[in-house]
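Notes follow the structure.
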Amino acid sequence: MGHTPGNDATKVGTAIIGGGIVGVTLAFYLAELGEKDIVVLEGRELASGCTGGSLGGVRQQFSTPLEIELAIRGRRFWQTFEDVFEQPCQYYQDGYLMLTGREELFEKLTQAAKTQASLGAPNVEMLSANELLEVVPWLGVDGLIGGCWTPEDGRVNPTDGVYGVAAAARRLGVKIRERHEVGDLTQVEGGWLVDGPEPLLAERVVVASGLGSPKLLAKFGLDMDIFPMWVHYGFTTPVLGDQRLPLTIDLETGWCVEREQDGAMVTILSSTLPERYGVSDMLAEFAEASETRAPLFAEVGIRNTISAAADATGGDGHPFIGEVEAGLWTITGFDGHGTMMGPAASQLLAKLMLGMPDPVLDVKAFDPHRKATENLEWLRAARK
1 MGHTPGNDAT KVGTAIIGGG IVGVTLAFYL AELGEKDIVV LEGRELASGC
51 TGGSLGGVRQ QFSTPLEIEL AIRGRRFWQT FEDVFEQPCQ YYQDGYLMLT
101 GREELFEKLT QAAKTQASLG APNVEMLSAN ELLEVVPWLG VDGLIGGCWT
151 PEDGRVNPTD GVYGVAAAAR RLGVKIRERH EVGDLTQVEG GWLVDGPEPL
201 LAERVVVASG LGSPKLLAKF GLDMDIFPMW VHYGFTTPVL GDQRLPLTID
251 LETGWCVERE QDGAMVTILS STLPERYGVS DMLAEFAEAS ETRAPLFAEV
301 GIRNTISAAA DATGGDGHPF IGEVEAGLWT ITGFDGHGTM MGPAASQLLA
351 KLMLGMPDPV LDVKAFDPHR KATENLEWLR AARK
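In full-length UniProt numbering, the protein residues as written are 1 to 384.
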């Protein structure tokens with residue numbers, strides 16, 4: 001008799017490939033819904049990919065109903081995290097501030113704010129340049145028309161979130177294997193053969209591996225436009241004391257600051273940076289922009305810097321969520337917003353996999369097989 005592929009593999013119910021915030025929350029929600037025999041496979045350590053490099057911004061400031069709904073759900077996830085998971089992961093409600101000096105962008109921000117409010121997003125305020133100073137007195141308003149202020153937005157430490165959810169998932173029986181890199185997926189009799197340090201035979205597989213997803217799924221006919229976009233961050237010496245420091249983005253220059261402990265994180269956000277653009281280039285560009293936008297940041301000291309890759313996407317910018325083949329699913333490609341929207345999308349997918357489609361969100365927009373279309377979410381250009 002011939003050897004049947006998978007006979008020697010360890011059998012599992014559901015294998016989730018990827019140990020970032022999306023993978024671990026999906027495992028948790030499936031287990032919470034009663035699923036058994038779930039294993040999360042992470043090639044390095046938990047949160048070592050795009051999640052670990054994320055600064056954890058959480059905002060409602062998007063411009064299309066789909067993104068706004070996911071963002072509102074995502075913010076609720078992080079605001080209630082410690083109560084739900086009984087693990088430490090503080091939500092810093094510092095707010096978000098989008099700034100512009102262009103009339104057409106101010107009008108777009110105004111329309112986006114109206115859409116947010118119509119969908120139940122609370123406390124969205126359009127402010128004139130002078131009104132901005134009531135929120136952030138340290139701001140230089142020369143050249144600004146105004147901005148959008150959402151005080152309930154904020155930030156989290158994504159790594160704390162991953163380990164908190166992982167602990168809760170383990171309590172529900174989920175197994176997590178780190179340093180278990182998956183090399184290939186093959187459909188065989190009885191399910192899916194997951195090639196790795198220890199071959200697994202899974203009844204179903206979910207690919208949630210961010211930048212690694214296109215390679216794993218290409219053989220199934222998916223042309224997933226997911227690619228690394230490098231972002232460089234600087235962390236400053238103490239600045240602004242107890243003054244309010246929301247995550248603030250100048251939409252013209254990409255100038256961006258947010259509170260980090262007693263200092264700030266600083267960066268330039270752009271999807272069109274030169275190929276050889278590095279940390280020193282960012283710091284020089286940030287300092288130049290600060291001379292107008294916030295002079296106190298032009299001379300602030302830098303404690304350390306990091307560079308991290310976000311999972312940027314082309315086309316419509318939506319994630320890929322759904323069934324690829326019978327028993328093979330994916331949830332990936334959040335265009336740099338996985339920390340913010342991933343947990344809500346994972347809950348949506350967990351229910352979808354068990355025959356409970358979302359009553360509000362049309363999952364066709366996330367179809368992994370869809371054709372690329374124009375990105376209607378213009379605020380994604382801020383890449384945060």
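Glycine included, each C-beta is placed from N, C-alpha and C at the ideal position. Nothing here was measured: the structure is a model prediction, and the numbers come from that model.
Assigned secondary structure, P65 (DSSP; H/G/I helix, E/B strand, else coil): The residue labelled residue 65 in the question sits at position 65 within the sequence shown. P65 falls in the helix class under three-state DSSP.
My understanding is that A289 touches T253, with C-beta atoms under 8 Å, so please give their C-beta distance in whole angstroms. In the sequence shown, counting from the first residue as 1, residue 289 sits at position 289. In the sequence shown, counting from the first residue as 1, residue 253 sits at position 253. Right, the Cβ-Cβ distance comes to about 5 Å (below 8 Å), so this counts as a contact.
Leaving aside the five residues before and after residue 385 along the sequence, list all residues of the same chain whose C-beta is less than 6 Å from its C-beta, in chain order. Because the chain is modelled from 1 through 384, residue 385 falls outside the range shown and cannot be assessed.
Cut-off 8 Å between Cβ atoms - residues of its own chain near A312, not counting five sequence neighbours on either side: On the sequence shown, residue 312 is found 312 positions in, with the first residue counted as 1. Excluding residues within five positions, the ones whose Cβ falls inside 8 Å are I226, F227, P228, M229, S271, D335, G336 and R383.
May I have the straight-line CA-CA distance separating V136 from E285, to the nearest angstrom? Within the sequence shown, residue 136 is the residue found at index 136, counting from 1. Within the sequence shown, residue 285 is the residue found at index 285, counting from 1. Taking the straight line from one Cα to the other gives about 22 Å.
Assuming L217 and V324 are in contact, meaning their beta carbons sit under 8 Å apart, how far apart are those beta carbons, in whole angstroms? Residue numbering aside, residue 217 sits at position 217 when the sequence shown is read from its first letter. Residue numbering aside, residue 324 sits at position 324 when the sequence shown is read from its first letter. Contact flag correct, Cβ pair sits at about 6 Å.
Are S346 and Y29 touching if we call contact CB-CB under 8 Å? Numbered from 1 along the sequence shown, position 346 holds the residue referred to as residue 346. Numbered from 1 along the sequence shown, position 29 holds the residue referred to as residue 29. It is a contact, given that the beta carbons lie within the stated cut-off.
Cβ neighbour criterion (16 or more within 10 Å) applied to S213: Position 213 of the sequence shown, counting from 1, holds the residue named residue 213. Per the 10 Å Cβ criterion, buried.
Figure out for me which residue from M224, L33, P238 and S54 has the closest Cα to the Cα of A169. To locate residue 169, count along the sequence shown from 1; it is residue 169. Considering only alpha carbons, the answer is L33.
Between E260 and the rest of its own chain, which residues show a CB-CB distance below 7 Å, the 5 nearest in sequence each way excluded? Translated into positions along the sequence shown, residue 260 becomes position 260. Around E260: F235.
Report the start-end ranges of each alpha helix (DSSP H) in the stretch 79-130 that is 4 residues or longer and not cut off at the edges. 81-85 and 103-118
Near Q93, which residues of its chain fall below 7 Å by C-beta distance, leaving aside the five closest residues on each side in sequence? On the sequence shown, residue 93 is found 93 positions in, with the first residue counted as 1. The residues are E152 and G154.
With 16 as the cutoff for other CB atoms within 10 Å, does M341 come out buried or exposed? As a first step, residue 341 is located in the sequence shown; it is residue number 341 there, counting from the start. Result: buried.
Tell me, which residues are paired with E323 by DSSP? For this step, residue 323 is matched to residue 323 along the sequence shown. W329, per the DSSP bridge assignment.
Assign V12 to one of two classes, buried (16 or more other C-beta atoms within 10 Å of its C-beta) or exposed (fewer than that). Residue numbering aside, residue 12 sits at position 12 when the sequence shown is read from its first letter. With 16 or more other Cβ atoms within 10 Å, it is buried.
Nearest-angstrom Cβ-Cβ length linking P246 and G263, presumed shorter than 8 Å: Taking the first residue of the sequence shown as position 1, residue 246 is located at position 246. Taking the first residue of the sequence shown as position 1, residue 263 is located at position 263. No, P246 and G263 are not in contact; Cβ-Cβ is about 15 Å, not under 8 Å.
DSSP three-state call for Q347: helix, strand or coil? Along the sequence shown, one-based indexing puts residue 347 at 347. In the structure shown, Q347 sits in a helix (DSSP, three-state: H, G or I).
Does DSSP classify residue 392 as helix, strand or coil? Look at the range of the chain in this structure, 1 to 384, and you will see that residue 392 is not part of it.
Threshold first: 3 residues or longer. Then list the beta strand (DSSP E) segments lying entirely within the stretch 134-207, N to C. 146-150, 175-177, 184-188, 191-195 and 200-207
Out of curiosity, what's the CA-to-CA distance linking V231 and L269? Taking the first residue of the sequence shown as position 1, residue 231 is located at position 231. Taking the first residue of the sequence shown as position 1, residue 269 is located at position 269. Going from the Cα of V231 to the Cα of L269 covers about 7 Å.
Pull up the distance between the alpha-carbon of residue 386 and that of G241, whole angstroms please. Given a span of 1 to 384 for the chain in the structure shown, any question on residue 386 remains unanswerable.
Going straight from the alpha carbon of T339 to that of V279, what length do you get? If you number the sequence shown from 1, residue 339 lands on position 339. If you number the sequence shown from 1, residue 279 lands on position 279. T339 and V279: Cα-Cα distance of roughly 23 Å.
When the Cα of E189 is compared with those of E178, G140, I176 and R204, which residue comes out closest? In the sequence shown, residue 189 corresponds to position 189, counting from 1. With distances taken between Cα atoms, E189 lies closest to R204.
Contact between the stretch 95-104 and the stretch 353-371 is defined here as three or more beta-carbon pairs at a separation below 8 Å; is this criterion met? no
Between A47 and P197, is the Cβ-Cβ spacing less than 8 Å? On the sequence shown, residue 47 is found 47 positions in, with the first residue counted as 1. On the sequence shown, residue 197 is found 197 positions in, with the first residue counted as 1. Against a cut-off of 8 Å, the Cβ pair of P197 and A47 comes out as no contact.
Using a Cβ-Cβ cutoff of less than 7 Å, which residues in the same chain neighbour A350 once the five nearest sequence positions on both sides are dropped? In the sequence shown, residue 350 corresponds to position 350, counting from 1. The residues are L26, Y29, L30 and L33.
Near R59, what residues of its chain come up, given a Cβ to Cβ distance below 6 Å and the 5 sequence neighbours on each side ignored? Position 59 of the sequence shown, counting from 1, holds the residue named residue 59. Cβ neighbours of R59 beyond the five flanking positions: Y96 and D153.
On the three-state DSSP scale, how would you describe D281? As a position in the sequence shown, residue 281 is number 281, starting the count at 1. DSSP places D281 in helix when its eight states are reduced to three.
DSSP on A294, reduced to helix/strand/coil? Counting from 1 along the sequence shown, the entry for residue 294 is found at position 294. It is coil, neither helix nor strand.
One or two residues paired with F235 in a DSSP bridge: Against the sequence shown, residue 235 aligns to sequence position 235. In the DSSP output, where bridge partners are listed per residue, F235 has M265 and N304.
Helix, strand or coil for N375? Go by DSSP, reduced to three states. As a position in the sequence shown, residue 375 is number 375, starting the count at 1. In this structure, N375 counts as coil in the three-state DSSP scheme.
Strictly by DSSP, which residues pair up with A15? Against the sequence shown, residue 15 aligns to sequence position 15. V39 and V205.
Leaving out five residues on either side along the sequence, give the residues of the same chain with a beta carbon under 6 Å from the beta carbon of A298. Position 298 of the sequence shown, counting from 1, holds the residue named residue 298. Result list for A298: A287, S290 and E291, in chain order.
Sort out for me which residues DSSP pairs I72 with in a bridge. Counting from one through the sequence shown, the residue named residue 72 turns up at place 72. For I72, which the question treats as bridged, DSSP gives no partner whatsoever.
In terms of DSSP beta bridges, what is T339 paired with? Translated into the one-based positions of the sequence shown, residue 339 becomes position 339. Paired residue(s): none; T339 is not in a bridge.
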